[in-house]
Amino acid sequence: MAALLGIGAILFSLLYFITDVMELFQGGFSTLQLALTYVAEAAIPFLMLGLYTAQRPQIGRLGFAAAVTYAYTFVFFSGTVLYALLNKVSDWKMLQKDMGAWMTIHSVLMVVAGVALGVAVARAKVLPRWTGTTLVIGMVLMTITTGLPDATRTLSAGVRDFAFAAMGGSLLRGLGVPTLKTQRAPRAGTGGTWGYEH
């Protein structure tokens with residue numbers, strides 16, 4: 000399962016970045032680009048819950064809340080992609096106009112959840128701490144580059160995508176995968192436990 004999660008995190012993060020690059024060079028949406036974006040975004044909720052599970056229990060309540068919230072925002076975002084496909088929306092600005100305040104609310108939720116998730120990953124120390132830090136940096140960059148040219152915003156999103164792909168790569172290399180071990184049999188009258196070591 001860890002290997003499948005790792006592969007998924009790498010492939011779907013890469014696909015998501017590719018669709019952003021496609022949008023950049025096309026100057027807007029296309030049917031193929033939106034279809035690929037939908038595939039990438041629809042996978043994100045499952046990847047978030049998987050990344051949370053892979054780091055339990057160290058990732059704690061903050062990690063759980065952040066992963067669930069981030070997953071929820073991408074249920075919404077994948078719905079907006081379907082809307083764009085069905086209504087032949089031409090670009091991001093038009094989609095923002097159609098979605099109104101809901102797009103802003105969910106974008107803010109995504110950033111807050113992403114930062115919290117990055118902090119939780121770094122604190123958990125199950126996956127490399129730098130992957131969590133990179134996620135925080137990516138989220139901050141996405142916020143401060145909102146009004147900048149499309150190429151800059153695409154690169155900022157790429158930092159976020161890279162962070163998730165790096166988490167997947169760490170899982171593939173065996174980092175963060177718990178192995179079950181038994182402790183020495185306890186003497187009479189003492190307790191014994193099963194434990195996880197990393």
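Just so you know, we're using numbering that gives the first Met the number 0 here: the sequence shown kicks off at 0 and counts up by one. Here a beta-carbon is modelled for each residue, glycine too, at the ideal position from N, C-alpha and C.
Drop a sphere of 10 angstroms on the beta-carbon of Val-107, count the other beta-carbons inside from all chains shown, and report buried for 16 or more, exposed for fewer.
Stepping through the sequence shown from its first residue, residue 107 is reached at position 108. The residue in question, Val-107, is exposed, as its Cβ has fewer than 16 Cβ neighbours within 10 Å.
Alpha-carbon to alpha-carbon, Ala-66 and Ile-17:
For the purposes of this step, residue 17 is identified with residue 18 of the sequence shown, where counting begins at 1. For the purposes of this step, residue 66 is identified with residue 67 of the sequence shown, where counting begins at 1. About 23 angstroms.
Nearest-angstrom Cα separation, counted from Thr-68 out to Thr-144:
For the purposes of this step, residue 144 is taken as residue 145 along the sequence shown, with counting starting at 1. For the purposes of this step, residue 68 is taken as residue 69 along the sequence shown, with counting starting at 1. Computed Cα separation, rounded: 23 angstroms.
Among the residues of its own chain, which have a CB less than 8 angstroms from the CB of Leu-61, if the five just before and after it don't count?
For the purposes of this step, residue 61 is taken as the residue at position 62 of the sequence shown. Within the same chain, Leu-61 has close Cβ partners Ala-115, Val-118, Ala-119 and Arg-122.
Go through its chain and collect everything with a Cβ distance to Ile-6's Cβ below 8 angstroms, but skip five positions before and after it.
By 1-based counting over the sequence shown, the position of residue 6 is 7. Gly-167 and Leu-171, listed in sequence order.
Three-state secondary structure (DSSP) of Ile-143
Stepping through the sequence shown from its first residue, residue 143 is reached at position 144. It is helical.
Given a cut-off of 8 angstroms, decide if Ala-41 and Thr-72 are closer than it, judged by their beta-carbon atoms.
Start at 1 with the first residue of the sequence shown, and residue 72 comes out as number 73. Start at 1 with the first residue of the sequence shown, and residue 41 comes out as number 42. Not in contact: Thr-72 and Ala-41 (Cβ atoms no closer than 8 angstroms).
Span separating the alpha-carbon of Leu-201 from that of Phe-163
As shown, the chain starts at 0 and ends at 197. That puts residue 201 outside it, with no answer to give.
How many Å lie between Thr-132 and Ser-169 at the Cα?
On the sequence shown, residue 132 is found 133 positions in, with the first residue counted as 1. On the sequence shown, residue 169 is found 170 positions in, with the first residue counted as 1. One C-alpha to the other measures close to 14 angstroms.
Classify Thr-103: buried if its beta carbon has 16 or more other beta carbons within 10 angstroms, exposed otherwise.
Residue 103 sits at position 104 when you count from the first residue of the sequence shown. Exposed, because fewer than 16 other Cβ atoms sit within 10 Å of the Cβ of Thr-103.
Extent of the continuous alpha helix (DSSP H) run through Ile-6:
In the sequence shown, counting from the first residue as 1, residue 6 sits at position 7. 1 to 25 is the extent of the alpha helix (DSSP H) around Ile-6.
For Val-38 and Gln-57, I'd like the C-alpha separation in whole angstroms.
As a working note, residue 38 is residue 39 in the sequence shown. As a working note, residue 57 is residue 58 in the sequence shown. Their Cα atoms are separated by approximately 30 angstroms.
Look at Leu-48 and Ala-64 and say whether their C-beta atoms are less than 8 angstroms apart.
Walking along the sequence shown from the start, residue 48 turns up at place 49. Walking along the sequence shown from the start, residue 64 turns up at place 65. Contact flag unset, no.
With burial defined as no fewer than 16 other Cβ atoms inside 10 Å of the residue's Cβ, what is the status of Trp-36: buried or exposed?
On the sequence shown, position 37 is the one that residue 36 refers to. According to the sequence shown, residue 36 is Thr rather than Trp. Label assigned to Thr-36: buried.
Alpha-carbon to alpha-carbon, Val-88 and Ser-29:
Walking along the sequence shown from the start, residue 29 turns up at place 30. Walking along the sequence shown from the start, residue 88 turns up at place 89. When rounded, the distance between both Cα atoms is 9 angstroms.
Within this structure, are the beta carbons of Thr-151 and Val-110 separated by less than 8 angstroms?
Taking the sequence shown and counting its residues from 1, the one referred to as residue 151 is at position 152. Taking the sequence shown and counting its residues from 1, the one referred to as residue 110 is at position 111. No; because the gap between Cβ atoms is not below 8 angstroms, this pair is not in contact.
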